[in-house]
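Since the structure comes first, as structure tokens, the remarks are kept for the end.
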Amino acid sequence: DVEVKDIAVGSDQYCVDKHCVWAGDANWDGKVDMADLLPIGLCMGEVGVARTNPDLNDWYGQYGQDWGLSLGLMGFDAKNVDTDGDGLVGASDTMAIATFYGNVHQPFAEPLPAIEGLQPYIVPLDTVISPGDVLEAQIWLGTPEYPVLDGYGLTFSLAYEPAIFEDVTVDFSQATQSWLGYNSPLLYMTHEPAPGKLDAGITRTSGQAVHGYGIIGTASFIVVDDLPGFKLGKDKSVQLPIRIEGGTLMLGNGLMGALPSANAEVTLRWDDEAPKGLEMIDPSKLKIFPNPATDVVDFHLNGAGNEFQRVQLYAITGQMLYDSGEVQARHWQMDVSDLTPGMYVVRAITTAGTISKKLQVGR
-15 DVEVKDIAVG
-5 SDQYCVDKHC
5 VWAGDANWDG
15 KVDMADLLPI
25 GLCMGEVGVA
35 RTNPDLNDWY
45 GQYGQDWGLS
55 LGLMGFDAKN
65 VDTDGDGLVG
75 ASDTMAIATF
85 YGNVHQPFAE
95 PLPAIEGLQP
105 YIVPLDTVIS
115 PGDVLEAQIW
125 LGTPEYPVLD
135 GYGLTFSLAY
145 EPAIFEDVTV
155 DFSQATQSWL
165 GYNSPLLYMT
175 HEPAPGKLDA
185 GITRTSGQAV
195 HGYGIIGTAS
205 FIVVDDLPGF
215 KLGKDKSVQL
225 PIRIEGGTLM
235 LGNGLMGALP
245 SANAEVTLRW
255 DDEAPKGLEM
265 IDPSKLKIFP
275 NPATDVVDFH
285 LNGAGNEFQR
295 VQLYAITGQM
305 LYDSGEVQAR
315 HWQMDVSDLT
325 PGMYVVRAIT
335 TAGTISKKLQ
345 VGR
């Protein structure tokens, strides 16, 4: 179906082709998607001519005076990167991407050239999961043999089974301490365009590219508690794929290339009863995210039939700073915004035993 909308605009908005700015299409490729985040990072702080009466409610081509600026080899004027039309490229320009995500105004550009040798990875931190668990998977890019050279930002999509996983997120806080965040603030966002797909992007904003490899972020998938009609077979387990696809990398000169896909599998196991013994007090069963945390931190207990009975927080000196009291839940939240940045110890008393793990609080 095609929707036709009659929009009344002033004569100062009349434009044709590249005289037009389509809010959100920052890279002028004809569509609004996660790749439009990358030129915002590259042009962060640039100043130019503001648009007259910019409209961020209806989507149409609005006249924009050229800035006469095209950083590196972007191939389009930076006026397109100023999506909100205020004359300054900043983080607020991501709002138009979210508002008009998926909109198209011209045939798509040619596919990006592949980047040879550079590989992303998705690494699940658990290989066996149960209904109600939180699955965490780290996302890496590059290796010591094939690192990122002159990298500036990247995008990717997570593909997963929406009947099994819900509330899928990507936490990029680790990237601020990794190679990608070296000597540069980072700008990142995510968007779910359809069930079973989460688009994500992250970019530097300093104007300086970087070399390196390693962790980009951590994806979290919540396994649906109730899976009616889902066939697990006689052994009550099934292999589930999770996948990174559609990745792009932008270099410091503005050029972009396509990244290969990456796959991983985890085993979904449905147990009628919780496993007995030490397995349930394995520290990996306690999920803490985000970690480092700045305001609210989530605790989730994996493993069928296991629940928190009490959650406590201790300073490194041994002083108890928080006690939840008696609880009966698999998920718990704590506000750490008033805590001094540093390392703390979480002590979780569960139905199967006690788990202690470190929590880092930052700002």
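The numbering used here numbers the first residue of the sequence shown as -15 and each following residue consecutively. Ideal placement from N, C-alpha and C gives every residue a C-beta, glycine not left out.
- Runs of the beta strand (DSSP E) spanning 3 or more residues and lying entirely within the region 193 to 240 occur at 194 to 196, 198 to 207, 221 to 235, in chain order.
- In this chain, the alpha helix (DSSP H) harbouring Pro23 covers 21 to 26.
- As a beta-bridge residue in DSSP terms, Ala277 pairs with Val345.
- Contact annotation, Val154 with Ala203: C-beta distance approximately 5 Å; criterion of less than 8 Å satisfied.
- Going by DSSP, Thr67 is part of no alpha helix (DSSP H) at all; its letter is neither H nor E.
- Contact holds between the region 75 to 95 and the region 5 to 12, because three or more Cβ pairs, one in each stretch, are under 8 Å apart.
- Under the DSSP assignment, Met318 falls in the beta strand (DSSP E) whose first and last residues are 315 to 319.
- Counting only residues of its own chain and dropping the five nearest sequence neighbours on each side, Met234 has a CB closer than 6 Å to the CB of Leu22, Tyr136, Gly137, Met240.
- Contiguous beta strand (DSSP E) elements confined to the region 70 to 147 occur at 104 to 108, 118 to 125, 132 to 143, taking only those with 3 or more residues.
- Of the candidates Met18, Ser141, Asn237, Trp43, the residue whose Cα lies closest to the Cα of Leu57 is Asn237.
- Annotated as proximal: Leu270 and Lys341, with beta-carbon spacing under 8 Å.
- Assigned with DSSP and collapsed to three states, Met58 falls in coil, not helix or strand.
- If you ignore the 5 residues before and after Pro91, its C-beta comes within less than 7 Å of the C-beta of Gly14, all in its own chain and listed in chain order.
- The Cβ-Cβ distance between Asp42 and Tyr85 does not fall below 8 Å.
- His315 and Asp322 have their C-alpha atoms roughly 21 Å apart.
- In this structure, the straight-line span from the alpha carbon of Phe140 to that of Leu55 is close to 23 Å.
- Counting only the Cα atoms, Val295 lies some 7 Å from Val330.
- Per DSSP, reduced to three states, the secondary structure at Thr160 is helical.
- Checking the DSSP bridge columns, you'll see Tyr306 partnered with Leu297.
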